[in-house]
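Please read the structure below before turning to the comments.
2 protein chains.
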Amino acid sequence: MNDNKVGCDIRESLDKISSKMRRDYSESLRELNLHVGQDKLLARLWLGDGITQMQLCEHLKCEPPTVTNMVKSLELNGFIYRKRDEQDARVMRIYLTDKGKQLEEPVDLKWKQQQAKLLHSISPEELLILRELMKRMERNLF
Amino acid sequence: MNDNKVGCDIRESLDKISSKMRRDYSESLRELNLHVGQDKLLARLWLGDGITQMQLCEHLKCEPPTVTNMVKSLELNGFIYRKRDEQDARVMRIYLTDKGKQLEEPVDLKWKQQQAKLLHSISPEELLILRELMKRMERNLF
DNA sequence: GTGATAAAGTTAGCTTGCTAAGTAAAATTC
DNA sequence: GAATTTTACTTAGCAAGCTAACTTTATCAC
Chain A
1 MNDNKVGCDI RESLDKISSK MRRDYSESLR ELNLHVGQDK LLARLWLGDG ITQMQLCEHL
61 KCEPPTVTNM VKSLELNGFI YRKRDEQDAR VMRIYLTDKG KQLEEPVDLK WKQQQAKLLH
121 SISPEELLIL RELMKRMERN LF
Chain B
1 MNDNKVGCDI RESLDKISSK MRRDYSESLR ELNLHVGQDK LLARLWLGDG ITQMQLCEHL
61 KCEPPTVTNM VKSLELNGFI YRKRDEQDAR VMRIYLTDKG KQLEEPVDLK WKQQQAKLLH
121 SISPEELLIL RELMKRMERN LF
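Those protein sequences? They're chains A and B, same order as listed.
Each residue of the first sequence is one higher than the one before, counting from 1 in full-length UniProt numbering.
Each residue of the second sequence is one higher than the one before, counting from 1 in full-length UniProt numbering.
Spelled out as structure tokens, the structure:
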């Protein structure tokens, strides 16, 4: 009985936290001429570009048209460029421009700022517990 | 140093959990001819309809055009109807139709199913800790 | 009473998300 | 080798989100 109320509270907090973070982060990224969602796509490219759109879909866990449209927009803004694979004409490989590479540091900074705000005054022990519980919930869903 | 890694893991889990839940819930609500986001709007009306759109904006913590468009769609699907306030012609009040009232139970069921999945095998003690930590994070943001 | 300001909602346009349907290329089957 | 199936991406259209600008109504200041 009481578990349901507690569970409800958790669920609602989760919703509130994620939508608030998304909204704030979106506002913050605007200074860099980026939209929320694009940062993760770029983050994957910073690890190593030249990957295919399908790889991006898998990494980001979203559908191909979403990647197509995001990649288009990022290309338009000069952060990336696309080239057809030389062996397989169906495949598009995505590369960072210099402009795109230069975004890594400011984006990382904004990410860290938001993270610090979220976790402010939660002790290291509590963080470990929280990570464990989050992982458990994550596993429940996938 | 290590806190940063733990914090990063927490943040990433949060993102994964929320987007996965949103995707699954959206899929689930489709059976009821609802879109994710509309459920919360209806949930507020189930508590008591006849409220203004501004009240909905405040409750849902979103912008007025979002509510306008959601309300339009829900009205089109026959779940709600709108009436101008009698004292102030600027104000629209939102009411549930019978069809809209009947959605409460199935929506509540879907909500509970998803919650049960998310929190499966997390003990009551852990749930209390989790709730507390979520509330702390939430407070950090607002 | 008039003009200025504020409030409530709307329209237009953008984004990341999605589904459905389509095109082109590659792989598989016969 | 031809036909069929699968794969990678694209287009079109929908949604909830947002911002900017707008219209109408109410309130306030003078």
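Cβ coordinates follow ideal geometry from the N, Cα and C atoms, glycine included.
Small disclaimer: the values here were computed from a predicted structure and weren't measured.
What is the C-beta distance between residue 145/B and ARG93/B, in whole angstroms, given that I count them as a contact (C-beta under 8 Å)? Because chain B in this structure spans residues 1 to 142, residue 145/B falls outside the shown range and cannot be described.
Chain B beta carbons: is any one of them nearer than 8 Å to that of residue 163/A? With chain A represented from 1 up to 142, any question about residue 163/A goes unanswered, as that position is not in the structure.
For my contact list, GLY48/B and ILE80/B are in at a C-beta cut-off of 8 Å; report their separation, rounded to the angstrom. Position 48 of the second sequence holds residue 48/B. Position 80 of the second sequence holds residue 80/B. Not quite, the Cβ-Cβ distance comes to about 13 Å (not below 8 Å), so this is no contact.
Does any residue of chain A bring its CB to less than 8 Å from the CB of LYS16/B? By 1-based counting over the second sequence, the position of residue 16/B is 16. It does; some Cβ of chain A falls within 8 Å.
Verify the CB distance criterion: does PRO64/B have a CB-CB separation below 8 Å to chain A? Taking the second sequence and counting its residues from 1, one reaches residue 64/B at position 64. No, PRO64/B does not count as interfacial toward chain A.
If you compare alpha carbons, which of ALA43/B, LYS112/B, MET134/B, GLN53/B is closest to ARG84/B? For the purposes of this step, residue 84/B is taken as the residue at position 84 of the second sequence. The shortest Cα separation from ARG84/B among ALA43/B, LYS112/B, MET134/B, GLN53/B belongs to GLN53/B.
What did DSSP end up calling THR66/A once you bin it into helix, strand or coil? Here residue 66/A corresponds to residue number 66 of the first sequence, with the count starting at 1. Correct three-state label for THR66/A: helix.
Under 8 Å between the Cβ atoms of ILE10/A and LEU14/B? Translated into positions along the first sequence, residue 10/A becomes position 10. Translated into positions along the second sequence, residue 14/B becomes position 14. Result no, Cβ atoms of ILE10/A and LEU14/B do not sit closer than 8 Å.
Among LYS117/A, ILE129/A, MET137/A, which has the Cα closest to the Cα of LEU141/B? By one-based count along the second sequence, residue 141/B stands at place 141. That would be LYS117/A, whose Cα lies nearest to the Cα of LEU141/B.
For VAL67/A versus LEU74/A, is the C-beta spacing smaller than 8 Å? Taking the first residue of the first sequence as position 1, residue 67/A is located at position 67. Taking the first residue of the first sequence as position 1, residue 74/A is located at position 74. Cβ distance not < 8 Å, so VAL67/A and LEU74/A don't count as in contact.
Return the first residue and the last residue of the alpha helix (DSSP H) that ILE129/B is part of. Position 129 of the second sequence, counting from 1, holds the residue named residue 129/B. That run of the alpha helix (DSSP H) goes 124-141.
Could you list which residues in chain A have their beta carbon closer than 8 Å to that of GLN55/B, in chain order? The sequence position of residue 55/B within the second sequence is 55, counting from 1. Near GLN55/B there are no residues of chain A at all, since even the closest Cβ is about 18 Å away, more than 8 Å.
Would you mind telling me which residues of chain B sit closer than 9 Å to LYS83/A, beta carbon to beta carbon, in chain order? One-based indexing of the first sequence puts residue 83/A at position 83. At a C-beta separation below 9 Å, LYS83/A has no neighbours in chain B, since its nearest C-beta there lies roughly 29 Å away.
Under 9 Å Cβ-Cβ, which residues of chain B neighbour GLN115/A? One-based indexing of the first sequence puts residue 115/A at position 115. Within chain B, the residues near GLN115/A are ASN4, GLY7, CYS8, ILE10, ARG11.
Residues of chain B with CB under 7 Å from ASN140/A, in chain order? Within the first sequence, residue 140/A is the residue found at index 140, counting from 1. Residues of chain B with a Cβ closer than 7 Å to the Cβ of ASN140/A are, in chain order, LYS117, LEU118, HIS120.
Just the Cα atoms here: how many angstroms apart are GLN102/B and VAL36/B? Along the second sequence, one-based indexing puts residue 102/B at 102. Along the second sequence, one-based indexing puts residue 36/B at 36. Cα to Cα, GLN102/B sits roughly 17 Å from VAL36/B.
Under three-state DSSP, which class holds LYS83/A? As a first step, residue 83/A is located in the first sequence; it is residue number 83 there, counting from the start. In the structure shown, LYS83/A sits in a strand (DSSP, three-state: E or B).
Endpoints, beta strand (DSSP E) assigned at LEU47/A: Within the first sequence, numbered from 1, the residue matching residue 47/A stands at position 47. Counting along the chain, LEU47/A falls outside any beta strand (DSSP E), and DSSP gives it neither H nor E.
Step through the CB atoms of chain A and report whether any lies within less than 8 Å of the CB of LEU34/B. Residue mapping note: residue 34/B aligns to position 34 of the second sequence, counting from 1. No, its Cβ sits nowhere closer than 8 Å to a Cβ of chain A.
Please tell me whether ASN33/A and ASN69/A are closer than 8 Å, where the distance is taken between their beta carbons. Stepping through the first sequence from its first residue, residue 33/A is reached at position 33. Stepping through the first sequence from its first residue, residue 69/A is reached at position 69. Against a cut-off of 8 Å, the Cβ pair of ASN69/A and ASN33/A comes out as no contact.
Roughly how far, in whole angstroms, is the beta-carbon of ILE17/B from the beta-carbon of MET21/A, given that I think they are within contact range, below 8 Å? Within the second sequence, the letter at position 17 stands for residue 17/B. Within the first sequence, the letter at position 21 stands for residue 21/A. Between MET21/A and ILE17/B the Cβ distance is about 12 Å, and since that is not below 8 Å, they are no contact.
Between the CA atoms of ASP3/A and GLU125/A - distance to the nearest angstrom: Translated into positions along the first sequence, residue 125/A becomes position 125. Translated into positions along the first sequence, residue 3/A becomes position 3. Straight-line Cα distance between these residues: approximately 24 Å.
Three-state secondary structure (DSSP) at LEU76/B? Counting from one through the second sequence, the residue named residue 76/B turns up at place 76. Helix, per DSSP.
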